[in-house]
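**Q** There's a structure below that I have some questions on.
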Amino acid sequence: MRAVLAREMDCRRVLGRVWSGWRRGLAVSTAPEDAGFGIEARHQRQPRGSRLRSGPLGDQPFPGLLPKNLSREELVDALRAAVVDRKGPLVTLNKPQGLPVTGKSGELTLLSVLPELSQSLGLGEQELQVVRASGKESSGLVLLSSCPQTASRLQKFFIHSQRAQRPTATYCAVTNGIPTASEGKIQAALKLEHIDGVNLTVPVKAPSRKDILEGVKKTLSHFRVVATGSGCALVQLQPLTVFSSQLQVHMVLQLCPVLGDHTYSARVGTVLGQRFLLPAESTKPQRQALDEALLRRLHLTPSQAAQLPLHLHLHRLLLPGTRARDTPIELLAPLPPYFSRTLQCLGLHLH
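Numbering follows our numbering, in which position 252 of the sequence shown is assigned residue number 306; successive positions increment by one, without gaps.
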C-alpha cells in the first residue's frame with residue numbers, strides 16, 4: 055500500500071515537469087489547433103533494409119512493414135526502436151501498420167507485450183498502459199503512460215475535446231480518387247454488422263431512435279485535401295468521433311477509398327468512368343482494384359498491389375498545455391517508408 059501511494063505521489067510531482075519539459079523535446083512542438091501538418095523534428099530509426107528507394111521496387115515493395123511471424127522478443131525490440139519520444143512517465147511510439155493494439159487471448163498484440171516493453175525501457179514495476187493509439191490497420195502515434203494519474207488526465211482531455219468538437223488527432227491518408235470538395239465535413243450514422251463471419255462497419259441512412267439505442271452511432275470527421283496527382287489525393291483527416299473503421303468508411307462515402315483498403319473499397323463501383331456506391335450489406339470485402347495507369351505509377355504488379363498496406367497514418371496528436379490557456383502541445387510521427395515512397399511515385403508532397 056505504501057509503495058502504491060509513493061508511486062502516485064511521484065506521478066503528481068513529475069506531471070508538471072513532464073509538460074514543461076515536453077515543450078523543449080525534440081519530437082514535439084507547440085502549434086495552434088488549426089495548424090496543418092508539421093515537419094518531423096526527429097528521425098525515426100528504421101529497420102535495416104527499409105531505406106526509401108526510387109525506381110522499381112524489386113523484391114521489397116513495401117519497406118517499413120513488420121516482418122510476419124515475429125516472436126515476442128522481436129516485437130519488443132521493434133517497438134523499442136519505434137519510440138520517438140520519452141518524457142517522464144510518457145512514452146510515444148510510431149506504431150507499424152498491421153500491429154493490433156488489443157486482441158484475443160494468446161494473440162501477439164501491443165497490449166500483450168507492454169510488460170516486456172516496460173522492462174526493456176527500464177521502467178521496472180511501473181508498467182505502461184495505452185492512453186491513445188492508432189488502429190490495427192493504420193500506422194502512427196501511440197501514447198503510453200506508466201503513471202495512472204497522467205493517463206487519466208490525458209484521457210479526460212481527449213473526451214472533453216471530443217465533446218467540444220475540437221479535433222486532437224490528425225491522420226494522413228492517400229486516397230484512390232480525388233474528393234469533389236477540397237475540404238469539409240463527413241457525417242454518417244454507422245453500425246457494426248456481422249457479415250459472413252466478419253464484423254464490418256455499415257452506414258445507416260436516417261437512423262431511428264431505436265437504431266441509436268441498438269448501437270448505431272452518428273459519426274463526424276473533418277477532411278482537407280493537401281495535394282493531388284495521378285488520380286489520387288493526399289488527405290488530412292480529423293475524426294471528431296470514435297468508431298471502428300470510421301475514416302475508411304467515411305472516405306468510401308466520398309467515393310475515394312484509402313489506398314490499400316482491402317475491406318471497404320469494393321463498395322465503390324465504376325461504370326464508364328463514373329463512380330457510385332454499391333450496397334454495403336451485400337458487397338463482400340475483396341482486394342482493392344487499381345487501374346493499370348496507377349499500378350505503373352506505383353511500380354507495382356497486380357500481385358504486389360494485392361498486398362498494398364493501408365495508407366492511413368496517425369501523424370499528429372495534440373496534448374494539453376501545462377495550464378488551461380496554454381497552446382496545445384503537438385506530437386508528430388514520421389510517415390512509414392512505404393507511405394513516403396507512394397507519395398514520391400505519385401508526385402504528392404506533404405507540406
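We put the CB at the ideal spot given by N, CA and C, even for glycine.
(1) In three-state terms, what does DSSP make of Leu307?
(2) Do Val280 and Gln290 have their C-beta atoms within less than 7 Å of each other?
(3) Around the Cβ of Lys141, are there at least 16 other Cβ atoms within 10 angstroms (buried) or fewer (exposed)?
(4) Who are the Cβ neighbours of Arg186 in its own chain at under 6 Å, not counting the five residues just before and after it?
(5) Compute the beta-carbon to beta-carbon distance between His367 and Leu385, rounded to the nearest angstrom, for a pair I have assumed lies under 8 Å.
(6) Does DSSP put Leu386 in a helix, a strand or coil?
(7) Counting along the chain, where does the beta strand (DSSP E) carrying Pro293 start and finish?
(8) Would you mind stating whether Gln241 and Leu288 have Cβ atoms separated by less than 7 Å?
(9) Count the other C-beta atoms from every protein chain shown that fall within 10 angstroms of the C-beta of Ser108, then say buried if there are 16 or more, exposed otherwise.
(10) For Thr337, I'd like the list of residues in its chain whose CB is within less than 6 Å of its CB, leaving aside the five on either flank, ordered along the chain.
(11) Mind checking who Ser199 pairs with in its DSSP beta bridge?
(12) How long is the line joining the alpha carbons of Leu244 and Phe297, rounded to whole angstroms?
(13) Between which two residues does the beta strand (DSSP E) harbouring Gly241 extend?
(14) If you reduce the DSSP assignment to three classes, tell me which class Asp139 lands in.
(15) Less than 7 Å separating the beta-carbons of Leu400 and Gly238?
(16) Can you tell me where the alpha helix (DSSP H) holding Leu349 begins and where it ends?
(17) Could you have a look at Pro356 and say whether DSSP puts it in helix, strand or coil?
**A** Taking the definition as stated:
(1) helix
(2) yes
(3) buried
(4) Leu197
(5) So it is not a contact: roughly 13 Å between Cβ atoms.
(6) strand
(7) Cys286 to Pro293
(8) no
(9) Confidence is the limiting factor: at Ser108 the pLDDT is only 39, short of 50, which leaves the residue's position unreliable and the question unanswerable from this model.
(10) Ala320 and Arg321
(11) Leu144 and Gln183
(12) 8 Å
(13) Position check: residue 241 holds Gln in this sequence, whereas Gly was assumed. Looking at the DSSP string, the run of the beta strand (DSSP E) that includes Gln241 is Glu237 to Ile249.
(14) strand
(15) no
(16) Glu346 to Leu352
(17) helix
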